[in-house]
Amino acid sequence: MVSHQGDSGSLDRLFHALADTTRRDILRRCVHGDLSVSQLAAAYPMSFAAVQKHVTVLERAGLVSKRRHGREQLVLTEPEAVARARQALDDLDTLWRGRVARMSGLLAQEPQHPRTNPGTHEHRPKEGPER
Amino acid sequence: MSVTSVDKDFDSLTLTLIADFAAPVERVWELWADPRRLERWWGPPTYPATVEDHDLTAGGEVTYVMTGPEGDRHRGWWRVTSVAPPTSLEFTDGFADPDGTPSTTMPTTTVSVRLTAHGEGTRMEIRSAFDTREQMDQLVTMGMEEGLKLAVGQMDDLLTG
Numbered sequence: 000m001v002s003h004q005g006d007s008g009s010l011d012r013l014f015h016a017l018a019d020t021t022r023r024d025i026l027r028r029c030v031h032g033d034l035s036v037s038q039l040a041a042a043y044p045m046s047f048a049a050v051q052k053h054v055t056v057l058e059r060a061g062l063v064s065k066r067r068h069g070r071e072q073l074v075l076t077e078p079e080a081v082a083r084a085r086q087a088l089d090d091l092d093t094l095w096r097g098r099v100a101r102m103s104g105l106l107a108q109e110p111q112h113p114r115t116n117p118g119t120h121e122h123r124p125k126e127g128p129e130r
Numbered sequence: 000m001s002v003t004s005v006d007k008d009f010d011s012l013t014l015t016l017i018a019d020f021a022a023p024v025e026r027v028w029e030l031w032a033d034p035r036r037l038e039r040w041w042g043p044p045t046y047p048a049t050v051e052d053h054d055l056t057a058g059g060e061v062t063y064v065m066t067g068p069e070g071d072r073h074r075g076w077w078r079v080t081s082v083a084p085p086t087s088l089e090f091t092d093g094f095a096d097p098d099g100t101p102s103t104t105m106p107t108t109t110v111s112v113r114l115t116a117h118g119e120g121t122r123m124e125i126r127s128a129f130d131t132r133e134q135m136d137q138l139v140t141m142g143m144e145e146g147l148k149l150a151v152g153q154m155d156d157l158l159t160g
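Residue numbers (numbering that gives the first Met the number 0), protein chains in the order written: chain A, 0 to 130; chain B, 0 to 160.
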């Protein structure tokens, strides 16, 4: 997680914004940027104010932007911010792959482990692992 | 080579990784349970970890410092939520300020580890999920101190029992 450190506050906001089903659905619906807040509100069984609040959370996290179109505010998903959340998962992937590789290396380095007690797990073969 | 599958769930911000090791469950468990072994794989080679506290009991804590190439130090912690040696472990993993206070700006992750016998080796399943800001705030306000008290309580039980 070292690689997250430069950007941590906004990443945190990003995760908060993404941790809600309605908000993730709003992101999916707004990729083309042709829906207004009131059109969005009609799609959910909740008040206009509640949907507007979700849009505000997304906007603060940089996941959507709003642009004025006549008397309406159109909502547009920001692909870069979504990509940053993806990047965080990719970083986590890289991190754990590295750890697994180091764990494998350690296990290979010390084939006999003095603290193992084979008596507690009878189902396991007594002879050492292959490979 | 031992990673068998990786799944990234964007909706739940969860990474699920499955790895197979050519060693019995107890030996893979020791990589987590023995702080001297843990510090040899937890941090990347450029940020080696030194484990300070290591209490793998529910409510217990693991604390570590990673030292970077410039001598920069990064403190991290686990708060153990459940443990069943030698097959399962669940903890919250986060960063801390230089004085050890849990960071309020860094995201935390919840990590769950499952070890199962697989052929003559071990299958390890890791689920690592980013926590939300709400969970994080909760952890900081009620979590760390409670966790420490609980750990001390358990230690007392051991000493008197």
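Every residue gets a Cβ at the ideal spot worked out from N, C-alpha and C, and that includes glycine. Everything numeric in this text was worked out from a predicted model, so none of it was measured.
Inter-residue CB distance, residue i and residue j (contact presumed, cutoff 8 Å)
{"i": "Val82/B", "j": "Leu114/B", "result": "That belief does not hold up - the Cβ atoms of Val82/B and Leu114/B are roughly 12 Å apart, past 8 Å."}
{"i": "Leu30/B", "j": "Leu94/A", "result": "About 16 Å; that fails the 8 Å criterion."}
{"i": "Thr168/B", "j": "Asp130/B", "result": "Residue 168/B lies beyond the residue range present for chain B, which begins at 0 and ends at 160; the question has no answer from this structure."}
{"i": "Ala80/A", "j": "Leu62/A", "result": "5 Å"}
{"i": "Arg76/A", "j": "Tyr43/A", "result": "A small correction: the amino acid at residue 76/A is Thr; Arg does not occupy that position in the sequence shown. About 16 Å separates the two Cβ atoms, so there is no contact after all."}
{"i": "Leu73/A", "j": "Asp33/A", "result": "6 Å"}
CB contact below 7 Å: residue i versus chain A
{"i": "Ala48/B", "result": "no"}
{"i": "Leu30/B", "result": "yes"}
{"i": "Ala18/B", "result": "yes"}
{"i": "Glu38/B", "result": "no"}
{"i": "Ala22/B", "result": "yes"}
{"i": "Phe129/B", "result": "yes"}
Sheet register partners of residue i (DSSP bridge)
{"i": "Val56/A", "result": "Per DSSP, none; premise fails for Val56/A."}
{"i": "Trp77/B", "result": "Val61/B, Asp92/B"}
{"i": "Met123/B", "result": "Ala18/B, Leu114/B"}
{"i": "Asp6/B", "result": "Thr15/B"}
{"i": "Pro101/B", "result": "Ala95/B"}
Residue-chain proximity (residue i, chain B), Cβ-Cβ < 7 Å
{"i": "Val99/A", "result": "yes"}
{"i": "Asp11/A", "result": "yes"}
{"i": "Arg67/A", "result": "no"}
{"i": "Leu57/A", "result": "no"}
{"i": "Phe47/A", "result": "no"}
{"i": "Arg22/A", "result": "no"}
{"i": "Arg138/A", "result": "It is not possible to answer for residue 138/A, since the shown part of chain A is limited to 0 through 130."}
Alpha-carbon to alpha-carbon, residue j and residue i
{"i": "Thr66/B", "j": "Gly97/A", "result": "17 Å"}
{"i": "Ala48/B", "j": "Val79/B", "result": "18 Å"}
{"i": "Glu58/A", "j": "Asp92/A", "result": "27 Å"}
{"i": "Ser127/B", "j": "Ala18/A", "result": "15 Å"}
{"i": "Val61/B", "j": "Glu119/B", "result": "30 Å"}
{"i": "Ala60/A", "j": "Ser102/B", "result": "19 Å"}
{"i": "Gln137/B", "j": "Pro43/B", "result": "For Gln137/B, the predicted structure reports a pLDDT of 45, less than 50, and the residue's modelled location is therefore unreliable. A value from the coordinates is still provided. Cα-Cα distance, rounded: 29 Å."}
{"i": "Ala49/A", "j": "Ser37/A", "result": "11 Å"}
{"i": "Gly142/B", "j": "Gly58/B", "result": "Bear in mind that a pLDDT of 40 at Gly142/B, under 50, signals an unreliable position, so the number given afterwards is only what the model happens to contain. Taking the straight line joining both Cα atoms gives about 9 Å."}
{"i": "Glu124/B", "j": "Ala100/A", "result": "14 Å"}
>> Closer than 9 Å between beta carbons: that is the criterion. Which residues of the region 54-81 of chain B meet it against chain A?
In response: Met65, Gly67, His73, Gly75
>> Short of 9 Å Cβ to Cβ, which residues in the region 79-94 of chain A face chain B?
In response: Val81, Ala84, Arg85, Ala87, Leu88, Asp89, Leu91, Asp92, Leu94
> If you measure beta-carbon to beta-carbon, which residues of the region 2-16 of chain B are closer than 7 Å to chain A?
Replying inline: Val2, Val5, Lys7, Phe9, Asp10, Leu12, Leu14, Leu16
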